[in-house]
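Below is one structure, written out as structure tokens, with a few remarks after it.
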Amino acid sequence: MKSAFALAFAVLLLAAPSALAARRLQQIGVELVSAQIAPAQYTVSAFPLYSSIPEFAADQAEFSTFELALNLTGLIDSVSDSDVAVTVFAPTNAAFETFLAAQKLSLEDLLDSDYLMPIIMYHIVPDVLTTNMMYVGEELPTLLANTNLTVAAATPDSNTVYKILSENTDSSAGIITNMNNIVAGMSLVQAVDAVLVPPMSVLQAVVQKADETTAA
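Those letters in the sequence shown? Residues -21 to -1, 1 to 195, by mature numbering (1 follows the signal peptide of the UniProt record, and there is no 0).
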């Protein structure tokens, strides 16, 4: 499932403005210091400080399916550099299980699907965003070209900080309380309780472009 796009993504991520990343991380540092006086839903998580996204994924068994997807698509290489500055909305294993059951798919079906790459790309935002930097109605561009996520208010009593909406109106995910703002090098991980799925038209267009690139 590794795609020729993976190298291009790596170049894109490493080209992210270092000044912006530094400013984001400075604010994260302030949050770490002031966590005791900040609202609970906005504090940085109690997770260890990881040096990279792959280190986080390998250390946390609850995200083993997401780690496997990153590896199979080759995106693990794109986010392995500690200087990469992105926000990753990482679905838990339970989120993948719910998604697979709803779609009547096995894990093997998903991992072998041409749609895996664009779906995982849709969970990566090329900017570093803590939850207190987000606001309701904010649009978040993703690695999936011209396809955004939108920040919405959390569902009451859902144990989430914010809801993240897909451009596909049937798809949304909550940022899980106490599993948010996980530092991974210059990046952040926001754990989510569902798999975000872009519109089918976008998935089909990406797969077609990948096929044309491979055939060229």
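C-beta atoms are modelled at their ideal positions from N, C-alpha and C, and glycine is treated no differently.
Open item on the list: If contacts are defined as beta-carbon pairs under 8 angstroms, then residue 122 and residue 100 qualify, I think. What distance do you get, rounded to the angstrom?
Closed with: 4 angstroms
Open item on the list: Please report the straight-line C-alpha distance between residue 76 and residue 144, rounded to a whole angstrom.
Closed with: 19 angstroms
TODO: Report yes or no: do the segment 41 to 51 and the segment 68 to 88 share at least 3 C-beta pairs separated by less than 8 angstroms?
DONE: yes
TODO: Return yes when at least one heavy atom of the ligand MG lies under 6 angstroms from the C-beta of residue 103, else no.
DONE: This structure lacks the ligand MG, and indeed carries no ligand of any kind.
Task: Option in 102, 128, 153 and 74 with minimal Cα separation from residue 117 - done: 128
- [ ] Look at the alpha carbon of residue 153 and the alpha carbon of residue 187, and state the distance between them as a whole number of angstroms.
- [x] 30 angstroms
Open item on the list: Am I right that residue 234 and residue 177 are in contact with their C-beta atoms under 8 angstroms? What's the rounded C-beta distance?
Closed with: No answer is possible for residue 234: it lies beyond the span of the chain, which begins at -21 and ends at 195.
Task: For residue 178, the three-state DSSP class (helix, strand or coil) - done: coil
- [ ] Can you have a look at residue 196 and say buried or exposed, based on whether 16 or more other CB atoms are within 10 angstroms of its CB?
- [x] Here the chain covers residues -21 to 195 and nothing more, so residue 196 does not appear.
TODO: Decide if residue 33 is buried, meaning its Cβ has at least 16 other Cβ atoms within 10 Å, or exposed.
DONE: buried
TODO: Could you tell me which residues DSSP puts in a beta bridge with residue 166?
DONE: 163
Open item on the list: Looking only at its chain, what residues have a beta carbon closer than 6 angstroms to the beta carbon of residue 6, apart from the 5 residues adjacent to it on each side?
Closed with: At residue 6, the pLDDT of 49 sits below 50, so the modelled position is not reliable; the number obtained from the coordinates is stated separately. Within the same chain, residue 6 has no close Cβ partners at all.
TODO: Would you mind stating whether residue 163 and residue 29 have Cβ atoms separated by less than 7 angstroms?
DONE: yes
Open item on the list: Looking only at its chain, what residues have a beta carbon closer than 6 angstroms to the beta carbon of residue 94, apart from the 5 residues adjacent to it on each side?
Closed with: 182
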